[in-house]
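**Student:** Let me give you the structure first, and then I'll get to my questions.
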Amino acid sequence: MKLTERFLDFVKFDTQSDELTNMTPSTPGQMEFAQYLKSLLEQMNLEDVSLDQNGYLFATLPSNIDREVPTIGFIAHMDTSPDMSGRRVNPRIVKNYDGEPIVLNQEKKIILSPEEFPELKNYIGQDLIVTDGNTLLGADDKAGIAEIIDAVSYLQEHPEIKHGKIRIGFNPDEEIGLGAHKFDVERFGCEFAYTMDGGAIGELEFENFNAASAKVVIKGRNVHPGYAKHKMINSIRVANNFIAMLPRWETPEHTEGYEGFYHLVGIEGSVEQTTLTYIIRDHDRKRFESRKREIEHLVRKTNMEYPGCCSVEIKDQYANMREKIEPVMHIIDIAEQAMRDAGVEPRVQPIRGGTDGAQLSFKGLPCPNIFAGGENFHGRYEFVSIQSMQKARDVIVNICRIVADK
Ligand SMILES: [Zn+2]
3 MKLTERFLDF
13 VKFDTQSDEL
23 TNMTPSTPGQ
33 MEFAQYLKSL
43 LEQMNLEDVS
53 LDQNGYLFAT
63 LPSNIDREVP
73 TIGFIAHMDT
83 SPDMSGRRVN
93 PRIVKNYDGE
103 PIVLNQEKKI
113 ILSPEEFPEL
123 KNYIGQDLIV
133 TDGNTLLGAD
143 DKAGIAEIID
153 AVSYLQEHPE
163 IKHGKIRIGF
173 NPDEEIGLGA
183 HKFDVERFGC
193 EFAYTMDGGA
203 IGELEFENFN
213 AASAKVVIKG
223 RNVHPGYAKH
233 KMINSIRVAN
243 NFIAMLPRWE
253 TPEHTEGYEG
263 FYHLVGIEGS
273 VEQTTLTYII
283 RDHDRKRFES
293 RKREIEHLVR
303 KTNMEYPGCC
313 SVEIKDQYAN
323 MREKIEPVMH
333 IIDIAEQAMR
343 DAGVEPRVQP
353 IRGGTDGAQL
363 SFKGLPCPNI
373 FAGGENFHGR
383 YEFVSIQSMQ
393 KARDVIVNIC
403 RIVADK
């Protein structure tokens with residue numbers, strides 16, 4: 003089977019994950035897909051094909067050289083986003099894209115247009131796989147799965163390309179933040195790995211946010227408003243002051259690149275009590291820590307004015323994988339060279355969020371992220387370029403070759 007056919011085959015499986023089920027995998031469709039992939043990997047005669055009860059599927063392409071070469075892995079996730087249905091995906095190939103709006107659904111007037119999605123202009127002349135407007139596509143991350151399988155099959159057909167032991171890992175529930183959760187890094191047994199879960203061609207990511215949440219609780223004192231003078235403390239108004247004391251421009255809607263922020267994600271209040279929920283994000287560890295201290299400082303400041311009224315609970319959520327990648331920067335060099343050898347210009351950029359790879363890196367498996375080729379993830383406008391998928395496949399093959407060359 004060719005790469006495109008593999009991909010079109012995989013998107014038929016409804017593998018939408020669900021954060022509310024408290025199961026692993028969170029939905030049965032993911033296990034069905036895992037079992038299907040397992041039989042596929044067995045048909046390819048891969049070794050150590052194993053699917054555990056949590057839906058983690060591992061397999062090995064054995065080394066074809068005598069020398070000791072680091073074991074490396076390629077990882078992709080099987081689930082699709084809870085944001086949009088992945089049931090009965092009905093993909094269509096737009097050959098030799100001409101740069102004009104693409105009608106996804108005539109009846110519902112759903113159009114994928116370069117006016118709204120200017121990045122479409124980068125794909126003129128390429129072949130795009132799009133949806134029928136009713137579902138997402140699932141290129142995130144079935145493109146990654148198809149690319150890994152195709153690369154392995156390519157290496158099997160080309161024994162002249164020398165490589166060490168290659169491990170494959172397909173995991174459930176990335177989209178609900180639990181993909182790395184039950185990933186058995188020891189059993190995977192790799193020196194380092196790459197997630198094939200990035201977007202457009204050239205993407206290479208090894209930095210993500212440091213992340214924490216802060217819950218600020220402000221207690222007020224309610225008194226009949228007619229008799230409230232010098233007695234009432236309106237916690238909503240105190241909260242309003244608190245909000246205003248944080249830097250006004252350090253919010254998601256005013257920041258980009260490496261700029262961090264405080265993001266007020268929730269507010270619930272009455273005169274008696276108001277709760278503010280923030281998320282705090284920064285790539286830089288020192289600035290991240292000082293953001294947390296700033297929140298604590300404002301809590302103390304508020305308490306000076308209204309003694310004992312204000313408290314905060316700060317919880318770390320995830321950390322920037324950069325500190326785990328820096329000691330092994332050669333794995334970034336390898337990925338960059340693999341891209342250049344495939345005719346792809348690497349575009350290193352910080353992730354303004356978290357990734358499974360970050361969690362895996364902190365579990366002892368350094369794991370940068372490489373493009374899978376899709377765009378507009380998690381919705382009906384998702385599409386993937388066949389040429390980008392082929393390049394991603396080539397990058398995987400090149401990485402295997404370069405690691406064995408060193
Ligand atoms: Zn993904």
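Residues in the sequence shown are numbered consecutively from 3, following this note's numbering.
The C-beta atom is built at its ideal place from N, Cα and C for all residues, glycine as well.
What is the residue span of the beta strand (DSSP E) that Leu59 lies within?
**Tutor:** For the purposes of this step, residue 59 is taken as the residue at position 57 of the sequence shown. Leu59 to Leu63 is the extent of the beta strand (DSSP E) around Leu59.
**Student:** Given 8 Å as the limit, is there contact between the segment 140 to 157 and the segment 122 to 129, that is, 3 or more CB pairs closer than that?
**Tutor:** No: fewer than three Cβ pairs fall under 8 Å.
**Student:** Candidates Ile238, Ile147, Lys288 and Val330: which alpha carbon is nearest Val13's?
**Tutor:** Looking up residue 13 in the sequence shown gives position 11. With distances taken between Cα atoms, Val13 lies closest to Ile147.
**Student:** Count the other CB atoms within 10 Å of the CB of Val105; is the residue buried (16 or more) or exposed (fewer)?
**Tutor:** The residue given as residue 105 occupies position 103 in the sequence shown. By the 10 Å Cβ count, Val105 comes out exposed.
**Student:** Determine the burial state of Glu298: buried for a count of at least 16 other Cβ atoms within 10 Å of its Cβ, exposed for fewer.
**Tutor:** Here residue 298 corresponds to residue number 296 of the sequence shown, with the count starting at 1. The residue in question, Glu298, is exposed, as its Cβ has fewer than 16 Cβ neighbours within 10 Å.
**Student:** Using only the alpha-carbon positions, how far apart do Thr304 and Ile203 sit?
**Tutor:** The sequence position of residue 304 within the sequence shown is 302, counting from 1. The sequence position of residue 203 within the sequence shown is 201, counting from 1. About 49 Å.
**Student:** Is Glu177 a contact residue of ligand 1, with contact defined as CB to any heavy atom under 8 Å?
**Tutor:** Walking along the sequence shown from the start, residue 177 turns up at place 175. Correct: Glu177 has its Cβ closer than 8 Å to ligand 1.
**Student:** Look at the alpha carbon of Trp251 and the alpha carbon of Ser272, and state the distance between them as a whole number of angstroms.
**Tutor:** Position 249 of the sequence shown, counted from the first residue, corresponds to residue 251. Position 270 of the sequence shown, counted from the first residue, corresponds to residue 272. Each residue's alpha carbon lies about 27 Å from the other.
**Student:** To the nearest angstrom, report how far apart Pro93 and Ser83 are at their CA atoms.
**Tutor:** Working through the sequence shown from its first residue, we reach residue 93 at position 91. Working through the sequence shown from its first residue, we reach residue 83 at position 81. Near 17 Å, if we compare the C-alpha coordinates of Ser83 and Pro93.
**Student:** Beta carbon of Gly345, beta carbon of Ala182: below 9 Å?
**Tutor:** For the purposes of this step, residue 345 is taken as residue 343 along the sequence shown, with counting starting at 1. For the purposes of this step, residue 182 is taken as residue 180 along the sequence shown, with counting starting at 1. For Gly345 and Ala182, no; Cβs fall outside 9 Å.
**Student:** Quick check for students: name the residue ranges of the beta strand (DSSP E) that lie wholly in the segment 153 to 177, counting only runs of 3 or more.
**Tutor:** 168 to 173
**Student:** For Thr357, collect the residues of the same chain with a Cβ closer than 6 Å to its Cβ; drop the 5 residues on either side in sequence, then sort them by chain order.
**Tutor:** The residue labelled residue 357 in the question sits at position 355 within the sequence shown. Excluding sequence neighbours, Thr357 sits near Asn210 and Asn371.
**Student:** Using a Cβ-based criterion (distance less than 8 Å to any ligand heavy atom), does His79 qualify as near ligand 2?
**Tutor:** This structure does not include ligand 2; its bound ligands are ligand 1.
**Student:** Can you give, in chain order, each stretch of the alpha helix (DSSP H) that sits fully within the segment 202 to 256 and has at least 4 residues?
**Tutor:** 237 to 247
**Student:** Would you check whether ligand 1 has a heavy atom nearer than 8 Å to the C-beta of Asp199?
**Tutor:** On the sequence shown, position 197 is the one that residue 199 refers to. Because some heavy atom of ligand 1 lies under 8 Å away, the Cβ of Asp199 counts as near it: yes.
**Student:** If you drop the 5 nearest sequence neighbours on each side, which residues of the same chain put their C-beta closer than 7 Å to that of Val51?
**Tutor:** For the purposes of this step, residue 51 is taken as the residue at position 49 of the sequence shown. These residues qualify, in order along the chain: Lys40, Leu43, Glu44 and Ala61.
**Student:** Asp142: beta carbon under 8 Å from a heavy atom of ligand 1?
**Tutor:** Taking the first residue of the sequence shown as position 1, residue 142 is located at position 140. Answer for Asp142: yes, Cβ within range of ligand 1.
**Student:** Please state whether DSSP places His265 in a helix, a strand or coil.
**Tutor:** On the sequence shown, residue 265 is found 263 positions in, with the first residue counted as 1. Looking at His265 - three-state DSSP - the assignment turns out to be strand.
**Student:** Which stretch, first to last residue, makes up the alpha helix (DSSP H) that contains Phe373?
**Tutor:** On the sequence shown, position 371 is the one that residue 373 refers to. Per DSSP, Phe373 is not a residue of any alpha helix (DSSP H); the beta strand (DSSP E) it occupies stretches across Asn371 to Phe373.
**Student:** Decide if Leu5 is buried, meaning its Cβ has at least 16 other Cβ atoms within 10 Å, or exposed.
**Tutor:** Along the sequence shown, read from residue 1 onward, the residue named residue 5 stands at position 3. So Leu5 counts as buried.
**Student:** Closer than 8 Å to a non-hydrogen atom of ligand 1 - does that hold for the CB of Phe379?
**Tutor:** Position 377 of the sequence shown holds residue 379. For ligand 1, at least one heavy atom lies less than 8 Å from the Cβ of Phe379.
**Student:** Note the first and the last residue of the continuous alpha helix (DSSP H) segment covering Asn400.
**Tutor:** Numbered from its first residue, the sequence shown carries residue 400 at position 398. From DSSP, the alpha helix (DSSP H) with Asn400 extends over Ile388 to Asp407.
**Student:** Indicate whether Gly140 and Gly88 have their beta-carbon atoms separated by less than 9 Å.
**Tutor:** Along the sequence shown, one-based indexing puts residue 140 at 138. Along the sequence shown, one-based indexing puts residue 88 at 86. Yes, the pair counts as a contact, with Cβ atoms nearer than the cut-off.
**Student:** Just to confirm the assignment, what range does the alpha helix (DSSP H) spanning Asn107 have?
**Tutor:** Within the sequence shown, residue 107 is the residue found at index 105, counting from 1. Segment Ile104 to Asn107 is the beta strand (DSSP E) holding Asn107; no alpha helix (DSSP H) there.
**Student:** Three or more C-beta pairs closer than 8 Å, one from the segment 361 to 380 and one from the segment 184 to 204: is that the case here?
**Tutor:** Short answer: they touch.
**Student:** Measuring CB atoms only, is the segment 375 to 388 touching the segment 102 to 119, in the sense that at least three cross pairs come out at less than 8 Å?
**Tutor:** yes
**Student:** Between the segment 213 to 221 and the segment 384 to 404, do three or more beta carbon pairs fall short of 8 Å?
**Tutor:** No, because fewer than three Cβ pairs between the segment 213 to 221 and the segment 384 to 404 fall closer than 8 Å, the two stretches do not touch.
**Student:** In this structure, does DSSP put Arg349 in helix, strand or coil?
**Tutor:** To locate residue 349, count along the sequence shown from 1; it is residue 347. Strand.
**Student:** Would you kindly work out how many angstroms separate the C-alpha atoms of Ile163 and Phe263, rounded to a whole number?
**Tutor:** As a first step, residue 163 is located in the sequence shown; it is residue number 161 there, counting from the start. As a first step, residue 263 is located in the sequence shown; it is residue number 261 there, counting from the start. Their backbone Cα atoms lie some 47 Å apart in a straight line.
**Student:** Would you decide whether Tyr99 is buried or exposed? Buried here means 16 or more other CB atoms lie within 10 Å of its CB.
**Tutor:** Locating residue 99 in the sequence shown gives position 97, counting from the first residue. Result: buried.
**Student:** Do Arg283 and Ala213 have their CB atoms nearer than 9 Å?
**Tutor:** Position 281 of the sequence shown, counting from 1, holds the residue named residue 283. Position 211 of the sequence shown, counting from 1, holds the residue named residue 213. Yes, Cβ-Cβ distance for Arg283 and Ala213 is below 9 Å.
**Student:** Considering Cα atoms alone, identify which of Gly191, Glu149, Glu188 and Lys144 is closest to Glu176.
**Tutor:** Translated into the one-based positions of the sequence shown, residue 176 becomes position 174. The residue with the shortest Cα to Cα distance from Glu176 is Lys144.
**Student:** Quick check: Val350 and Phe208, are their CB atoms within less than 9 Å of each other?
**Tutor:** Working through the sequence shown from its first residue, we reach residue 350 at position 348. Working through the sequence shown from its first residue, we reach residue 208 at position 206. Against a cut-off of 9 Å, the Cβ pair of Phe208 and Val350 comes out as a contact.
**Student:** Using C-beta distances below 6 Å, list every residue in its chain close to Ile316, excluding the 5 sequence neighbours before and after it, in chain order.
**Tutor:** Taking the sequence shown and counting its residues from 1, one reaches residue 316 at position 314. For Ile316, where only same-chain residues beyond five positions count, the Cβ hits under 6 Å are Ala214, Ala216 and Lys294.
**Student:** Distance check for Ala406 and Gly166, CA to CA, integer angstroms please.
**Tutor:** The residue given as residue 166 occupies position 164 in the sequence shown. The residue given as residue 406 occupies position 404 in the sequence shown. Going by the C-alpha atoms only, they are around 6 Å apart.
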